[in-house]
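Under my numbering, the first residue of the sequence shown carries the number 744, and numbering increases by one thereafter.
As structure tokens, the structure follows; a few thoughts come after it.
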Amino acid sequence: MLAPDPNISEKPRAIRRLDEGAINRIAAGEVVERPASAVKELVENAIDAGATRITVAIAGGGKRLIRVTDDGTGIVPDEMPLALSRHATSKIDGSDLLNIRTFGFRGEALASLAAVARLSLTSRVAGGEAVRIDVSAGVMGAPKPAAGRQGTLVELRDLFFATPARLKFLRTEQAETRAVVDVVKRLAMAEPYVRFELIDESEAPRTLFAVEAETGDPLDALSGRLGQVLGREFIDNALALDSEREGLHLTGFAALPTYSRGSAVQQFIYVNGRNVRDKALIGALRAGYRDVLSRDRHPAAVLFIDCDPVLVDVNVHPAKTEVRFRDPAAARSLIVSGLRDVLAGAGHRASSTVADATIEAFQPEPRVYQMDRPSRGRVFFEEKPRENSNFPGFAETAAARIEPEPCPEDIDLPLGAARAQVHENFIVAQTRDGMILVDAHAAHERIVYETLKAQREENGVAAQALLVPEIVELGEDAEPLLAIADHLSSLGLTVEPFGPGAVAVREVPAILGTVDAAALLRDIADELADAGSSAVLAGRIDAILSRIACHGSVRTGRRMNAAEMNALLRQMEATPRAGQCNHGRPTYVELKMHDIEKLFGRK
Ligand code: ADP
Ligand code: MG
């Protein structure tokens, strides 16, 4: 037989009021989950106090020690005991919970921390003396004179010693340390004018993270700070955002799709300076990139939404990592359209990392230069030149076409003048200060896709009737495809049922020209299967369009003449988002003169 549950008694138990210490420990459970959350609360207090230099020291992953020192306003000695008690704050008067302009407002952090650790608070205001108060196991000592400059120092020792259950749930020291680093970085990204330093004092002091205060206008300061925190590469490949909608203001930086990541590690969203991990906003961020990234790639971006505090409720969760907008749809479309606009504007900019990767791939092995080594180049020149070759010694097997007369005026355009096509796909173009290598197939696919989208948005995609309808056997895939026949017809594709498991194709999008209808339909059926039946159709239309676009593309193996190549380059320049193919891969790479010189060891 099961033992009786000790929490269930037969008679009602007496109701009693919890003591202050227990209340604080329970509250601490919500606010202070782990050392990183304590660091966050203390650093936010320092920022609220107007600090310009904040130093964080930890030991044992923050379990043994957390010390946050700032040069902010300080706390007047008389108010220090109040600062340490629950529901005491200088930041709001309680009359207007919708108008919050500081990180803090709940007046809970210091009291909670004092309940779960040994806390010591030292503070000094301008023109005053430093005073220190120690609290241990919730018991506050008397204020005593101390040494210290203007500002505040909060030291926590033995976090969670009073709540051993919580202590057990903490991860390894390394994991807790990583979480602290992450929190400090997230705070530092939003406060470029503040200097941050994070030191690990577990053994000999070791700097884990440090950034100097930035200067200059807000955009420069932010870009400098993000470069420091996320790396130069991020900022070199990022576009500045600045748009507004219904009282919400979006700023920040969004990386080019070609700088996408394998996971969501570089996605940061701030609402009124507060870092939030909000699913809806992250979803909007992804949606902003949907057209230019394949599903398995993750955009990198740092977004700041600022608005009148009354338009957003931050008091949803004690740790304040979620927010509630008064108009969530406006916040979402601000992000989606803000991102789409800048990404479209940067259509023909590919990431500099692409050029770097190219250069790396090109790095010659030193031995290639040894003359006695039979290289492919040797074989190449030993072959018999063709009579009609443009170039003496140029064998047909090289599969290159040289265009003898470049259009001189094209050289100053972003993608330059076409000079040659190699392997019946790649176009080599010359620019004023370098060269461009274009994946013609990928570029054409992108152009077709963008054209299809533009047509769809105007009057629907232009269709071209087939002289003889094509019958395609699709088996069980026929049904889901026919179920969206109306949508397909707005995309220029008219299909009808044709007996069991078969579909008759009557019209195809005109831009595709001659097309393998069976392959096209099978692709769309795959897309529908991938998306799963529960997905909303609107989300699939672009994906379907993208599949359709693939079928209109210059297939590898097609030779282009100079006029065609230059026309493609000019179309790319005119097409939004032409820097990436529909799958987020680059459509071209650019090598500047100095990159080329680097390849030959000249620089
Ligand atoms: P909250 O930040 O929600 O007000 P806290 O418990 O974190 O609550 O802090 C209580 C009060 O102590 C703050 O309102 C502020 O007046 C004061 N305070 C805390 N930390 C600092 C600091 N680093 N510098 C100046 N004042 C501080
Ligand atoms: Mg606070």
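Don't be surprised by glycine CBs; every beta carbon is placed ideally from N, CA and C.
Of the residues the options, which one's Cα is nearest the Cα of residue i?
i: G805; options: S945, A1286 and G793; result: S945
i: V1238; options: A1253, R1313 and A1221; result: A1221
i: G1203; options: L862, T915 and I1254; result: I1254
i: G815; options: G793, L825, A1268 and D1266; result: G793
i: L969; options: A1183, K754 and P935; result: P935
i: Y1002; options: E976, M1315, M1336 and R810; result: E976
i: D1021; options: P1319, F1047 and R1038; result: F1047
i: R1320; options: G1088, A1197 and D877; result: G1088
i: V927; options: D985, D836, D821 and R1017; result: R1017
i: G764; options: L827, G881, K887 and L864; result: G881
i: E1216; options: I1190, K887, L1263 and G891; result: L1263
i: V878; options: E872, G870 and S855; result: S855
i: T1064; options: H1041, I1012, D1070 and S1037; result: I1012
i: V1079; options: I1214, E1200, V1057 and L993; result: L993
i: L973; options: S838, P961, R929 and F1343; result: R929
i: L864; options: A918, I809 and R909; result: I809
i: D1176; options: D979, H830, E1340 and G1322; result: E1340
i: V868; options: I835, D813 and A953; result: D813
My guess is that residue i and residue j are in contact by the Cβ rule of under 8 Å, so how many angstroms apart are they, rounded?
i: L913; j: A781; result: Not a contact, Cβ separation roughly 12 Å.
i: V859; j: A905; result: 5 Å
i: R875; j: A889; result: 4 Å
i: A1226; j: R1328; result: About 32 Å separates the two Cβ atoms, so there is no contact after all.
i: I942; j: A800; result: 5 Å
i: G990; j: C1050; result: 6 Å
i: G1031; j: L1082; result: 3 Å
i: G1244; j: E1270; result: Going by Cβ atoms, the distance from G1244 to E1270 rounds to 19 Å, so no, they are not a contact pair.
i: R1290; j: D1266; result: 5 Å
Does the distance from the C-beta atom of residue i to that of residue j stay below 9 Å?
i: L951; j: P778; result: no
i: A1286; j: P1223; result: no
i: V1035; j: P1000; result: yes
i: E987; j: L1077; result: yes
i: P1252; j: L1234; result: yes
i: A1292; j: Y1192; result: yes
i: N1325; j: D1153; result: no
i: F848; j: I790; result: no
i: M1303; j: L1158; result: no
i: V1066; j: V1019; result: yes
i: D1366; j: T1330; result: The requested residue 1366 is not part of the displayed model; the chain covers only 744 to 1346.
i: L982; j: Q1010; result: no
i: V897; j: L853; result: yes
i: T1174; j: A1160; result: yes
i: R1033; j: G1005; result: no
i: P1052; j: R844; result: yes
i: E1250; j: A1197; result: no
i: R1075; j: R938; result: no
Which of the three DSSP states, helix, strand or coil, is assigned to residue i?
i: V1204; result: coil
i: C1324; result: coil
i: M1303; result: coil
i: F1137; result: Reliability fails at F1137, whose pLDDT of 33 lies under 50, so the model's placement of it is uncertain and the value that follows must be treated cautiously. Residue state, collapsed to three classes: coil.
i: L1046; result: strand
i: D1348; result: Nothing about residue 1348 can be reported from this structure: the residues present for the chain run from 744 to 1346 only.
i: M1114; result: Note that M1114 scores 31 on pLDDT, short of 50, meaning its location in the model is unreliable; the coordinates nonetheless yield the value given after this. In this structure, M1114 counts as coil in the three-state DSSP scheme.
i: P1128; result: For P1128, the predicted structure reports a pLDDT of 33, less than 50, and the residue's modelled location is therefore unreliable. The matter cannot be settled from this model.
i: T1174; result: strand
i: V1059; result: coil
i: E976; result: helix
i: K1022; result: helix
i: V775; result: coil
i: I1179; result: strand
Note the first and the last residue of the continuous alpha helix (DSSP H) segment covering residue i.
i: F996; result: Premise fails: F996 lies in the beta strand (DSSP E), L991 to A998, not in any alpha helix (DSSP H).
i: T920; result: E916 to A933
i: Q739; result: One cannot answer for residue 739 here, as it falls past the ends of the chain, which runs 744 to 1346.
i: A1087; result: P1071 to G1088
i: V972; result: P961 to L973
i: N788; result: P778 to D791
Considering residue i, what are the terminal residues of the beta strand (DSSP E) in which it resides?
i: L941; result: R938 to D943
i: R909; result: No beta strand (DSSP E) contains R909, which is instead part of the alpha helix (DSSP H) from P907 to F912.
i: F1343; result: Premise fails: F1343 is in no beta strand (DSSP E) and is neither H nor E.
i: P1252; result: A1245 to P1252
i: L864; result: R861 to R867
i: I876; result: V874 to S879
i: K806; result: Where K806 is concerned, there is no enclosing beta strand (DSSP E), given that its DSSP letter is neither H nor E.
i: P1240; result: T1237 to P1240
i: K1335; result: Y1331 to K1335
i: L951; result: R949 to V954
i: A1163; result: A1160 to V1165
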